[in-house]
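In terms of UniProt numbering, the sequence shown opens at residue 1 and continues consecutively. Heads up: the structure comes next, in structure tokens.
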Amino acid sequence: MDHVKALLMNIFIAGTDTGAASIIWAMTALMKNPTMLKKVQEEVRTLVGKKGKVDEDDIHSLPYLKAMIKETLRLYPPAPLLVPHKTTQRCVIDGYEIEPQTVVYINAWAIARDPESWENPEEFLPERFLGSDIDFRGQNFELIPFGAGRRGCPGMNLGVATVELALANLLYSFDWELPDGMKKEGVDTDALPGLTMHRKNALCVVAKKY
């Protein structure tokens, strides 16, 4: 039972940290792209109307919101190096010999910005996922913010649902602006080093009740 409790605690802690980072990165991207901010808010508010809040069942009817979150996870993966792996046998990749028991890190950040896989990889373009079958669940290796296979993130579904619901309600309930005198070009995307990719500088925005 103690092992079960410890596992659940790890899932909740990891999901909280990475989920919060993803929401902040999404808001960062939207503040740098006010047209996209307006578009996703219109989608959410048109669907929800005067109900007062976004419910989990509403999320499936918000394709632009889901595309925007996918693009956030592509450009700003919360765990850019995933979790460490270890080789079980000798292998050769692109001419490099990797011995057994070697610790290997997968650079999901670099994979998601590879120009051979993505058009305009440095640009925030949620539209690239509209009508696309590419997903982050480990089947499309150009987008693996949660890893893949048996070592994939066990809290992926919980984390994504939390981010989708929280972000949808933030966009529904508030109008968002930059502080007086600040322009969208002034919103930086500098990140701190670490297992979870957080912004180096706090994101400062003004929320006004909708």
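For every residue, glycine included, the Cβ atom is placed at its ideal position computed from N, Cα and C.
Collapsed DSSP secondary structure at residue i in the structure displayed
i	result
Val160	helix
Lys86	strand
Trp25	helix
Ile134	coil
Ala207	strand
residue 244	No answer is possible for residue 244: it lies beyond the span of the chain, which begins at 1 and ends at 210.
Ala6	helix
Ala191	strand
Element boundaries [beta strand (DSSP E), containing residue i]
i	result
Glu99	That residue, Glu99, is in no beta strand (DSSP E); it is neither H nor E in DSSP.
Glu177	Phe174 to Glu177
Val92	Cys91 to Ile93
Segment limits, alpha helix (DSSP H) that includes residue i
i	result
Glu43	Pro34 to Val48
Trp118	That residue, Trp118, is in no alpha helix (DSSP H); it is neither H nor E in DSSP.
Glu71	Pro63 to Leu75
Ile111	Ala108 to Ile111
Whole-Å CB distance - residue i paired with residue j, under 8 Å assumed
i	j	result
Val72	Trp25	The question names Val, yet the displayed sequence has Thr at residue 72. Right, their Cβ atoms sit about 5 Å apart.
Met36	Met68	7 Å
Tyr64	Val40	5 Å
Ala191	Met197	5 Å
Val44	Leu171	5 Å
Ala168	Ile23	Actually they are not in contact, since the Cβ atoms of Ala168 and Ile23 sit about 11 Å apart, beyond 8 Å.
His85	Arg151	6 Å
Any non-hydrogen atom of the ligand ATP within 8 Å of residue i CB
i	result
Leu171	This structure simply doesn't include the ligand ATP, nor any ligand for that matter.
Original post:
Using 8 Å as the Cβ pair cut-off and three pairs as the minimum, do the stretch 100–114 and the stretch 140–150 touch?
Top reply: yes
**OP:** Could you tell me whether the stretch 158–173 touches the stretch 48–59, where touching means 3 or more Cβ pairs closer than 8 Å?
**Re:** yes
Original post:
Pairing CB atoms from the stretch 154–170 with CB atoms from the stretch 16–23, are three or more of them under 8 Å?
Top reply: yes
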